[in-house]
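> Quick note on numbering: the working numbering labels position 83 of the sequence shown as 284, and the sequence is numbered without any gaps. Backbone N, C-alpha and C fix where the C-beta goes; we use that ideal spot for every residue, glycine too. Given the structure is predicted, the values throughout are model-derived calculations rather than measurements. Quick one: the structure is below, questions incoming.
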Amino acid sequence: MTTHTIPGELFLLLTTDSGRQDSTSYRRQALAGAAIAELVLREKIALTEGRNPKVQVRDTVPTDLPTLDQALGALADLDGKAVKSVIGHRSMDLTEVIGESFAADGVVQRKDGWFTTTWPTHDDTVETALRARLARAVREPRQASLQDGILLELLRGLGIAHRILKDDVPEMGRRDLEKAIAALKVESPEAKAVKRIIDEAMTAVIVATTVVSTTTITT
């Protein structure tokens, strides 16, 4: 069984049972942001200080986790670039490697179409356990792990936490859920850096959304 990384678990949450993106058109950027966050936690990379933080690669020794190793290799070539530009770079598209990892474990199936590849659910056991874990984290904050906190903050930052988790915490409305996520206090010396990455990832998504909207209007 593959170790489930933060971007891997985010992939499951952002993919419907039919294998398509759920609730956001910017899954790719969100997965890249999640990978950067995990690599910071593993002390493989760091961020510079300042208003426009840049990626600094500290350690290129492989993690033996395909998703993170692909991201680390891409970041080695993008060393010194701003987080905003890195998140949107084509070499940071981790959809394929994550999908293949889950397909190898029998969690999803690969389905190639004329123009796109989808990843329909084959065995929902892993995602069901993940959702139960996140629901427990918001109900019982003391039980929340750092990985739980990062995943939940990514969903909140994307503005889709309630859409993704509403069936898992039916007693919570959108505001209640967002408040519960914001109140999570997970202790880690890297937590501040991770929060900056999440903010940068969400900014990159907003910029991408604006560009697409402007292009659509003017064409």
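By the 10 Å Cβ neighbour count, where 16 or more other Cβ atoms means buried, how is Lys367 classified, buried or exposed?
Here residue 367 is taken as the residue at index 166 of the sequence shown, counted from 1. When all chains shown are included, Lys367 counts as exposed.
> In the structure shown, what three-state DSSP assignment does Asp218 receive?
The residue given as residue 218 occupies position 17 in the sequence shown. The answer is coil: DSSP assigns Asp218 none of H, G, I, E or B.
> Between the alpha carbons of Ala305 and Lys285, how many angstroms are there, rounded?
Position 104 of the sequence shown, counted from the start, is the residue given in the question as residue 305. Position 84 of the sequence shown, counted from the start, is the residue given in the question as residue 285. Their Cα atoms are separated by approximately 31 angstroms.
> Which residues in the same chain as Asp278 place their Cβ atom closer than 6 angstroms to its Cβ, once the five residues preceding and following it in sequence are excluded?
Reading the sequence shown from its first residue, position 77 is the one you call residue 278. Closer than 6 angstroms at Cβ, skipping near neighbours: no residue.
> Using the Cβ count rule (16 or more neighbours within 10 Å means buried), how would you classify Thr268?
Your numbering for residue 268 matches position 67 in the sequence shown. The residue in question, Thr268, is buried, as its Cβ has 16 or more Cβ neighbours within 10 Å.
> Quick check for students: name the residue ranges of the alpha helix (DSSP H) that lie wholly in the region 336-396, counting only runs of 4 or more.
The region 336-396 contains these whole alpha helix (DSSP H) runs: 347-359, 362-366, 375-383.
> Which first and last residues belong to the alpha helix (DSSP H) in which Asp240 is found?
Position 39 of the sequence shown, counted from the first residue, corresponds to residue 240. As written in the sequence, residue 240 is Leu, which differs from the Asp given in the question. Its alpha helix (DSSP H) spans residues 228-242.
> In the region 241-310, which residue ranges form an unbroken alpha helix (DSSP H) of at least 4 residues, counting only runs that do not cross its ends?
Entirely contained in the region 241-310, the alpha helix (DSSP H) runs reaching 4 residues are, in chain order, 267-278, 284-288, 296-305.
> In whole angstroms, what is the alpha-carbon distance linking Arg332 and Asp369?
The residue labelled residue 332 in the question sits at position 131 within the sequence shown. The residue labelled residue 369 in the question sits at position 168 within the sequence shown. Their Cα atoms are separated by approximately 7 angstroms.
> Here's the rule: buried if 16 or more other CB atoms are within 10 angstroms of the residue's CB, otherwise exposed. What is Arg357?
Here residue 357 refers to the residue found at position 156 of the sequence shown. Buried: at least 16 other Cβ atoms inside 10 Å.
> Taking 8 angstroms as the cut-off, decide whether the C-beta atoms of Phe212 and Ile288 are in contact.
For the purposes of this step, residue 212 is taken as the residue at position 11 of the sequence shown. For the purposes of this step, residue 288 is taken as the residue at position 87 of the sequence shown. Contact: no.
> Taking 8 angstroms as the threshold (C-beta atoms), are Leu353 and Leu385 in contact?
The count along the sequence shown starts at 1 and reaches residue 385 at position 184. The count along the sequence shown starts at 1 and reaches residue 353 at position 152. Yes, these two residues count as a Cβ contact at 8 angstroms.
> Among the residues of its own chain, which have a CB less than 8 angstroms from the CB of Lys312, if the five just before and after it don't count?
The sequence position of residue 312 within the sequence shown is 111, counting from 1. Cβ neighbours of Lys312 beyond the five flanking positions: Gly220, Thr318, Thr319, Trp320, Pro321.
> What does the alpha-carbon distance come out to for the pair Ile365 and Glu210?
As a position in the sequence shown, residue 365 is number 164, starting the count at 1. As a position in the sequence shown, residue 210 is number 9, starting the count at 1. Taking the straight line joining both Cα atoms gives about 13 angstroms.
> Using CA coordinates, which residue listed in Gly314, Glu297, Asp218, Gln344 is at the minimum distance from Ala233?
The residue labelled residue 233 in the question sits at position 32 within the sequence shown. Among Gly314, Glu297, Asp218, Gln344, the Cα nearest to that of Ala233 is on Glu297.
> Just tell me which of Thr261, Leu378, Leu355 has its CA closest to the CA of Pro342.
As a first step, residue 342 must be located in the sequence shown, where it is residue number 141. Nearest of Thr261, Leu378, Leu355 to Pro342, Cα basis: Leu378.
> In angstroms with no decimal places, state the Cα-to-Cα distance between Leu359 and Tyr227.
Locating residue 359 in the sequence shown gives position 158, counting from the first residue. Locating residue 227 in the sequence shown gives position 26, counting from the first residue. Roughly 9 angstroms between the two C-alpha positions.
> Check Thr318 in the structure and name its three-state DSSP category.
Taking the first residue of the sequence shown as 1, we reach residue 318 at position 117. DSSP places Thr318 in strand when its eight states are reduced to three.
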